Structures are given as structure tokens and as C-alpha cells.
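Take a look at the structure set out below.
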Amino acid sequence: NLNASNAITNSADSLLFSGGAMALRTGTFSNLYGDVYSRGDLSVANLDGSAAQRFSNLSGTVESEGAITINATAVENAKAEFELGQKIVSGSLNWQCGQHCDGHDSFKRGAITIEQTLLETAVKDSPSARLVAGKDLTIQADNVQNRYSLLAANGNLSITANDLLNQGASERTGQNSISIGTPGRIDTDYWDQMEFVDIPAFKAAVAAGNFDLARFELLKSRSSDSRFEEQSNVTVWTDSTQPKYAATLQAGGTVNLNVARTVQNGSLRANNTPEILTGTLGEDQTGIKVGGIDITINKQATDASTATVASVKPVQRVAADGSVQTVFTPVDYSGIPFAAVDPTAGATFQLPKGDYGLFIRNPDPTSSYLIETNPNLTNLSKFLGSDYILSRLNISPDNNWRRLGDGLYEQRLIRDAVLAQTGQRFLADGLTSDYDQYRYLMDNALASKSALNLSLGVALNAEQVSALTHDIVWMENRVVDGQKVLVPVLYLAQADSRNLRGSSLIQGRDLNLISGGDLINVGTLRASNNLNVSSGGSIYQGGLVDAGNNLQMIAQDSMRNAMAGEIRGGQVSLTAVKGDILNDRTAIQVRAGAGMRTVTDAGSTITARENLALNAGRDITNYGAMSAGGDLSLKAGNDINLLAKTDSSEKHELFDGGHKSVITTDVKNLSSTVTAGGDLGIDAGRDINVLASQASAGKDLNVQAARDLYVASAGDVHNIDGKDKDGKKRIATSNGQTTQVASELTAANDFTSLTGRNTTMVASKITAGNEAYLYANNDLNLETADNAKSSFYSETKKGSWGKKSAR
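The numbers in the UniProt record's numbering rise by one with no breaks, and the one at position 483 of the sequence shown is 483.
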């Protein structure tokens, strides 16, 4: 028991240790880069057992072999230092003359484009904080924040709070496009120096592998004065799939989160991500000019049809001494690339300092370990380490094979490396302790040793890595602190299923999440069994929600699945009690020089391996994809809309020194889909609208609207408008084509529709494998829409006396 009226502070390379239970009673507890370790239960509260003012674990480790209970007003588990910054990693420029290009005039005008690739990564970093319970972890607080760090329990994890933030980050790449016009007059010599000398020389250097950032910045600065005008500035960001700075809440058992106000899982960056997620950013951003616009386009975690969380099966076996041991059937990753992970190569890897921490350096060069558990803690010396793999290789762990650390230190290295690479504490379901995971990886290596001809101390070559089929750890020589030691190096499969949306994970066998206000998820919510989410406000979902069995999400207001969001499970039920359900697709129009383009993503998905049911008090709108292996039901108090977003572009080009101009306009409809392996039911309290989209059922398709059913096509458009000046002739041309994209309602068995007023079909299809019935209380309208082509040519010629003729 440790009591302090004001504060308890544990600093770097210092240790608070208990061989049994540990009770910390104080107003403020702070662990900064230090270690807290309890062999029994650990509890933190104020002197009288009420809530402490603050519990802060910054880049430190708080760990108990038993349960952990924290009662504090504010709970913070985070990196002590972390800051993201951006840098330019490559770029190109282009100056294209558009006026007075023959060189006979004193000035020129034209178009300038600048393309640059940006990398956002950590410019300040520190180790992740770790708060780990061997049994249950229970937190009661007003505000809980886990930033770029680990909250974990081998048992259950329970948090009761007013607000909860689980915030991770990843490296990301931005493609920035800047278009600049020239309303001012650019001196001909100045222009020619750039177009024909400086820029070609820069491009040649880049092609030779020499990107000179200082030179690039200088060339960019030459189009920044009053003669130039920025027409568009758009950056499209893509997150790395590697969760380099992950935030993880993970339990071997059940995760129970009861939050009175707001839950946020993932990071909402300032680059319009909140507006895109909540739908407050308008889809037409072509008016944005000065300062530009940033848009994040998310990559989905993996194909939902093949997505399964890796799991290992424990198998009991009897050892030679008669003891019963548990081994694990490994996950097979045949055909998937592997990558080496050296835990000593990370920017935050540090050797311990001093003699008072959990780990110390052994100054004896003949000792078995460079780093060992503090010898004063003799009851912590029996942890599984690389002695295990050496003994099975019939190698004596003597001084010839000095290792980086002892068993406890190696287990922590592996745990932290797995977390840094996958964002998860464990590589697969079924692994529930650091001991199990480390032995699993060493067993996999031993099983592969002969086939791959592995040699102790030697890194795997490219051929050996390509032949791997299972995650392994192998002991390899490294030089650390000037000494050659054996280091456990991970070789991990780079499987799509390990991609972590938003670098922020909340995971358990079961996951129960209750939010009194809004729930914001741009990370990953995952349960190997059942997942239940309830929000007293709205659910804004732009990440991954994944359940191995049943998935239920209820919002008292609205539910929005956006930013290529993924919702998937076995049986899936989504309910917006008073509001709307929107399955969205990002399609934002932005300027592109004098024209425009549309930034799009793959569209959001809602997937059930069995049955899927959506119920909304108001509207259900689908711009993405909904699918069920069994039955699928859509029911709305107002309208159901199956719609297409439009991908529009307008490209302006100049040729022949500005004498010829071409404007190309394209409009493409991005269809939405609803697919059921069994029956499909669509039931609206008002109207059902289907535009350039498809709905299909493996059995019956039943449509019912209290008012109208409107099923229509939409036109894809391609137009080319040109102007040509040739001497005294002026030629204008226009060629256009419109192609109808039909809506399709398809039933493998019967199709039935019933409307309280009208049913209207425009250039679309209803197909039934058996019988089709269309009932309308008022009118049934079947209309056509044509594919069309158009062509226009106009020529005007100016005579010598100023007269004009045209044809």
C-alpha cells in the first residue's frame, strides 16, 4: 500500500513493484517513462477510495498479473511526446504556353501545373504507454483517453466514463495538385528560361534519381508573384495500411464500454475529415480557391467476402515428463508476402538506464544477457525466453550465444513489435498471453527450420522469406550498444486481414459499446463473437465494424456509414430509431485548373454473411453496396433511395500556341447495389426511388411503397467542345454522346411490387425467374429514355474588308 496526500510520481528507469497486491492511494498518479509491476491485483484511487483527480501513464508501463482497477476523474494512457509533420518527398512542374507562343511578342501566357507528393509522419515520438492486466481491467472516470498506446486485459475490459477517446494515427501520403493561370504578362525570356531550360534540367535530374527539394522550392517560387493566379489546389490523402502509431483497447474476454456522452475511436484530422464523415462538406467544392482543399480517401481493410479474423486452435499434448502442454495449430499464410520486423530498429527503441528500473543492463560481458530483469526481483526471473528455442536446437545457452535480454524482456519486445506492426496485442484469436504468443512464434520457427535451412544467428535471405507460410520469430545477431547479441526478429505475414482501419482498435471476444451521445468511429471495432453498439445520438461510422457472429447497431437519431466505411458480421441489424440510415460514397467535385474533377472512393459497404436488416424512422439511402448471404430487409418510415453518385470532370486543354482549345466533359454514374442471397424486402412508408442502381434477390424480391415507386435510368455523358483559330477562320465543334445506365430489379424467383399511388419505370428492367406482379393503386407508367449522339460544326471566315461569312 502506497499512500500520498497529493501525488505519486514514478519517473524514467524507476520501478514500483509489489510481489502481491498493490494499492496506490493519492490525488494524482503519474508514471512518466517508468514501470509499475504488480504480481497481484493493482488498484488506484484517492486516499478515501473515491476518485483520484488524475491517473496519467505517459510512455510508461503499468502491468499487473492480476486485475487492475482505476477510479479517477481523468485517465490518460498516451505517448509522452508525439507530433505529426509533413514533408515533400517528390514533385514535378510543367509550364505550357497558351498565348503568343511563337516568340514574336514580348510576353507570353499559359498554364502552370505543380504536382507534389507529401508524406505525413511523426516528427516527434516516444514509446507507447502500456496499461496491461493479466485478469480484468476496470476503469471508472469522467474522461478516458488512450492515445497511440495500449489498454489491454487478458480477461474483461470495462470502462465507465462520460467521454472516451481512443486515438491512433498512421503515416499517410498526400498527392497535391496545384494549377496556376497567368492573367499577367510573363516576359518572354523569363517564360522560355523556365519552359525550355530550368524545368527540363530539373526533370532530367529527377529521372536520374536526384530529387533536389531546394531546387524544387526555388522553381515553385517563380510562379508566386502578382502576375500569376492560383486556380486550384487539391490534396488527396491516403493512409498507410501499417498502423504505425496505433491506439488499442483489447480484451481476451468481453469489452464493456458505457459512456454517458461521446465515444470517438480513431483520429479526426483537420483536413475536412469531420465534414466528410458527418456530411456537412458540400459535394461541390469547385468554388474553393485560395488555400485549397484536403480530402482523405480511405482504403477498405479487405474484401468482406473473404475477411476472417485469423485464429489458432489450442491442442493439448503430453510431454515426456508427463506434464500436459498446450500448443497451437498455426495460421497458414501460404502465398502471402512476409516482412521482417526487428524490434531494435524502431525510432523509439531505448536501452534501460540506471539500476532501479524493471530492467537493467548487465555490465558483465560474459553474462548470458545484455539486459535482464532487475535481480532484486528474483520471483520475476522465470519467464519463457529464447532458452526455449536454443534448448530445442540442442544448443547450450552459454556465453557464445549472448542474448539481448532475458525472458521477460524478450516477451515485451515481441508484444510491442506485434502491436506496432498490426495494432493488435495478439496476432490471432486464441492467443491470450504474451507467453502463449512468444512460444507460438518460436514453435512455428522450429517447425520450419529444416525445410527452410534456418541457421541460428543468421537473418533469413529473400528466398527463405518468400517460402514462409507461418508467422515466426528467429534469433539473429545484431550489434546493440557495441556488443553482438542474439535478438528475436519477427517475420510477419503482410495479410490484408491485418490492415487496421484508422490505426485505432477496440476489440474483444464480445464488444458492448453504449454511448449516451454521438458515437464516432473512424477506426476499427471488432469482436470475434458478438458486437453490440447503442448510441443515444447519431452514429458516424467511417472505419470498420466487424463481428464474427451477431452485429447490432442502434442509434436513437441517425446512422451514417461513410468514407468507404465497412460494417460486416454474421447476422447484422442496423436501426436508426428517429432518423436516417445512409450508406454513402465520397464524390466531391473540386477545381482542376480551369476545369473540375471529382474525387471518389470505393463506396461504403454493409455486409452480412447470413441475414441483414435495416430499419430507419425516416429514410434509408444507399450509394454504396449492401449484401447478405441470406435474407435482406430494408424498412423505412419515409423514403428508401437506391441512388448513384456522379463522377464528373471537365478538362480544359490548349494546343498550337493557344490557337486551338478543347473542353472535354464527362459524367459517369456510380451505381449502388443491394444483393440478397435469399429474399429481398424493400418497404417504405412513403416513396421508393431507384436511380441507375441495382437490387437483386436469390429468391423473392418484394417491394412495397405507401406512395410511389420510381425506377429510372441516368445518362453517362461524354462531350468534346473545340475551338480552332486558323488565320481568318474561326471553327467551333461539338460532339456529344449520352448512354443510359439502367436500373435493374432482379428476382431469381418471384417479383412483387405494391404502391399506394404510382409506379413509374424509365428505361429500366424488372426481371423475375418465375412470376412478376406490379400493383399500382393509381398509374403504372412505362417510359423510355434514349441513348443519343450529337454533332455540331460552325465555321466563320473574316473577309479583307471586315465582312464575315459562316457555314
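No residue lacks a Cβ here, since even glycine has one placed at the ideal position from N, Cα and C.
Being a predicted model, the structure only gives us computed values, none of them experimental.
(request) Identify, in the order they occur along the chain, each residue of the same chain with its Cβ nearer than 8 angstroms to the Cβ of residue 315, setting aside the five sequence neighbours on each side. (result) In the sequence shown, counting from the first residue as 1, residue 315 sits at position 315. Result list for residue 315: 326, 327, 328 and 329, in chain order.
(request) Decide yes or no for the touch test of the stretch 536 to 548 against the stretch 182 to 194: beta carbon pairs closer than 8 angstroms, at least 3 of them. (result) The count of Cβ pairs closer than 8 angstroms, one atom from the stretch 536 to 548 and one from the stretch 182 to 194, stays below three, leaving the stretches out of contact.
(request) Whole angstroms is fine: what's the gap from residue 601's alpha carbon to residue 645's? (result) By 1-based counting over the sequence shown, the position of residue 601 is 601. By 1-based counting over the sequence shown, the position of residue 645 is 645. Rounded to the nearest angstrom, the two C-alpha atoms are 11 angstroms apart.
(request) Decide yes or no for the touch test of the stretch 112 to 122 against the stretch 203 to 214: beta carbon pairs closer than 8 angstroms, at least 3 of them. (result) Under the three-pair Cβ rule at 8 angstroms, the stretch 112 to 122 does not count as touching the stretch 203 to 214.
(request) For the beta strand (DSSP E) holding residue 483, just list the boundary residues, first then last. (result) Along the sequence shown, one-based indexing puts residue 483 at 483. Note, residue 483: beta strand (DSSP E), 483 to 493.
(request) Could you say if the stretch 11 to 19 and the stretch 356 to 376 meet the contact criterion of at least three C-beta pairs nearer than 8 angstroms? (result) Touching, yes.
(message) When you compare the CB positions of residue 678 and residue 611, do they come within less than 9 angstroms of one another, or not?
(response) Residue mapping note: residue 678 aligns to position 678 of the sequence shown, counting from 1. Residue mapping note: residue 611 aligns to position 611 of the sequence shown, counting from 1. For residue 678 and residue 611, yes; Cβs fall inside 9 angstroms.
(request) Could you pull the start and end residues of the beta strand (DSSP E) that residue 612 belongs to? (result) As a first step, residue 612 is located in the sequence shown; it is residue number 612 there, counting from the start. Element bounds for residue 612: 612 to 616.
(request) Could you spell out where the alpha helix (DSSP H) holding residue 82 opens and where it closes? (result) For the purposes of this step, residue 82 is identified with residue 82 of the sequence shown, where counting begins at 1. Neither: residue 82 is in no alpha helix (DSSP H) and is coded neither H nor E.
(message) With three or more beta-carbon pairs closer than 8 angstroms as the criterion, would you say the stretch 450 to 459 touches the stretch 557 to 572?
(response) Too few Cβ pairs lie closer than 8 angstroms, so no.
(request) Could you have a look at residue 297 and say whether DSSP puts it in helix, strand or coil? (result) Indexing the sequence shown from 1 puts residue 297 at position 297. In the structure shown, residue 297 sits in coil (DSSP, three-state: anything other than H, G, I, E or B).
(request) Can you give me the Cβ contacts of residue 742 inside the same chain, cut-off strictly under 7 angstroms, excluding the 5 residues immediately before and after it? (result) By one-based count along the sequence shown, residue 742 stands at place 742. Contacts found: 713, 763, 764 and 765.
(message) With three or more C-beta pairs closer than 8 angstroms as the rule, is the stretch 97 to 108 touching the stretch 62 to 80?
(response) Touching, no.
(message) My output table needs one value for residue 308: the three-state DSSP class, helix, strand or coil.
(response) Residue numbering aside, residue 308 sits at position 308 when the sequence shown is read from its first letter. The predicted model places residue 308 with a pLDDT of 49, which falls under 50 and marks its position as unreliable; any figure quoted below should be read in that light. For residue 308, the secondary structure class from DSSP, reduced to helix, strand or coil, is coil.
(message) Beta-carbon within less than 6 angstroms of residue 143's beta-carbon, same chain only, minus the 5 sequence neighbours each way: which residues are those?
(response) Stepping through the sequence shown from its first residue, residue 143 is reached at position 143. The beta carbon of residue 143 sits closer than 6 angstroms to the beta carbons of 74 and 163 from its chain, once the five residues preceding and following it are set aside; these are given in chain order.
(message) I'd like to check one pair, residue 263 with residue 431: are the Cβ atoms closer than 9 angstroms?
(response) Position 431 of the sequence shown, counted from the first residue, corresponds to residue 431. Position 263 of the sequence shown, counted from the first residue, corresponds to residue 263. Cβ distance not < 9 angstroms, so residue 431 and residue 263 don't count as in contact.
(message) Applying the 10 Å Cβ sphere with the 16-neighbour rule, what's the burial state of residue 254?
(response) Your numbering for residue 254 matches position 254 in the sequence shown. It is buried - the Cβ of residue 254 has at least 16 other Cβ atoms within 10 Å.
(request) Give the range of the beta strand (DSSP E) segment to which residue 791 is assigned. (result) Translated into the one-based positions of the sequence shown, residue 791 becomes position 791. If you look at residue 791, you'll find it in the beta strand (DSSP E) that goes 788 to 798.
(request) Pull up the distance between the alpha-carbon of residue 472 and that of residue 191, whole angstroms please. (result) On the sequence shown, residue 472 is found 472 positions in, with the first residue counted as 1. On the sequence shown, residue 191 is found 191 positions in, with the first residue counted as 1. One alpha carbon belongs to residue 472, the other to residue 191, and they sit about 59 angstroms apart.
(request) Examine the Cβ distances between the stretch 620 to 630 and the stretch 575 to 583 and report whether three or more of them are shorter than 8 angstroms. (result) The stretch 620 to 630 is in contact with the stretch 575 to 583.
(message) Just list the residues that DSSP pairs residue 810 with in beta bridges.
(response) Not covered by the structure: residue 810. The range shown for the chain is 1 to 807.
(request) Report the residue from 751, 161, 147 and 352 whose alpha carbon sits nearest the alpha carbon of residue 51. (result) Here residue 51 refers to the residue found at position 51 of the sequence shown. The alpha carbon of residue 51 has as its nearest neighbour, out of 751, 161, 147 and 352, the alpha carbon of 161.
(request) Using 10 angstroms around the beta-carbon of residue 479, count the other beta-carbons present and answer buried if the total reaches 16, otherwise exposed. (result) By one-based count along the sequence shown, residue 479 stands at place 479. Exposed, since its Cβ has fewer than 16 Cβ neighbours within 10 Å.
(message) I need the DSSP call for residue 188, collapsed to helix, strand or coil.
(response) Sequence index remark: in the sequence shown, residue 188 carries index 188 (1-based). Helix.
(request) Check residue 33 in the structure and name its three-state DSSP category. (result) Position 33 of the sequence shown, counted from the first residue, corresponds to residue 33. Residue 33 falls in the coil class under three-state DSSP.
(message) Checking 9 angstroms against the spacing of the C-beta atoms, do residue 49 and residue 260 come in under that value?
(response) Position 49 of the sequence shown, counted from the start, is the residue given in the question as residue 49. Position 260 of the sequence shown, counted from the start, is the residue given in the question as residue 260. Annotated as distal: residue 49 and residue 260, with beta-carbon spacing of 9 angstroms or more.
(message) In chain order, what are the residue ranges of uninterrupted beta strand (DSSP E) at least 3 long that sit wholly in the stretch 586 to 658?
(response) Within the stretch 586 to 658, the complete beta strand (DSSP E) segments at least 3 residues long are 587 to 592, 595 to 600, 605 to 608, 612 to 616, 620 to 622, 625 to 628, 632 to 636, 640 to 642 and 645 to 655, listed from N- to C-terminus.
(message) With distance defined between alpha-carbon atoms, name the residue in 460, 550, 673 and 593 nearest to residue 651.
(response) Here residue 651 corresponds to residue number 651 of the sequence shown, with the count starting at 1. The candidate whose alpha carbon is nearest that of residue 651 is 593.
(request) Could you check the C-alpha separation between residue 308 and residue 664 for me, to the nearest Å? (result) The residue given as residue 308 occupies position 308 in the sequence shown. The residue given as residue 664 occupies position 664 in the sequence shown. Model confidence at residue 308 stands at a pLDDT of 49, short of 50, so the residue's coordinates are unreliable and nothing is read from them.
(message) Please classify residue 448 as buried or exposed, where buried requires at least 16 neighbouring CB atoms within 10 angstroms.
(response) Mapped onto the sequence shown, residue 448 falls at position 448. Residue burial annotation: residue 448 is buried, with at least 16 other C-beta atoms found within 10 angstroms of its C-beta.
(message) Using only CA atoms, which one of 597, 613 and 77 lies nearest to residue 236?
(response) To locate residue 236, count along the sequence shown from 1; it is residue 236. Selection 597, 613 and 77 evaluated against residue 236 yields 597 as nearest (Cα-Cα).
(message) Using 9 angstroms as the threshold, is the C-beta distance between residue 413 and residue 488 below it?
(response) Walking along the sequence shown from the start, residue 413 turns up at place 413. Walking along the sequence shown from the start, residue 488 turns up at place 488. Yes. Within cutoff.
(message) Using a Cβ-Cβ cutoff of less than 6 angstroms, which residues in the same chain neighbour residue 1 once the five nearest sequence positions on both sides are dropped?
(response) Here residue 1 corresponds to residue number 1 of the sequence shown, with the count starting at 1. The residues are 23.
(request) Rounded to whole angstroms, what's the CA-CA distance from residue 267 to residue 169? Just pull it up for me. (result) Indexing the sequence shown from 1 puts residue 267 at position 267. Indexing the sequence shown from 1 puts residue 169 at position 169. When only Cα atoms are considered, residue 267 and residue 169 end up about 7 angstroms apart.
(message) Residues in the same chain with beta-carbon distance under 7 angstroms from residue 20, minus the five sequence neighbours each way, listed in chain order, please.
(response) What you label residue 20 is simply residue 20 of the sequence shown in a count that begins at 1. Here residue 20 has 39 and 40 as same chain residues with Cβ atoms under 7 angstroms from its own Cβ, once five neighbours each way along the sequence are excluded.
(message) Relative to the C-alpha of residue 747, which candidate in 787, 133, 716 and 699 has its C-alpha closest?
(response) Here residue 747 corresponds to residue number 747 of the sequence shown, with the count starting at 1. Of the listed residues, the one whose Cα sits closest to residue 747 is 699.
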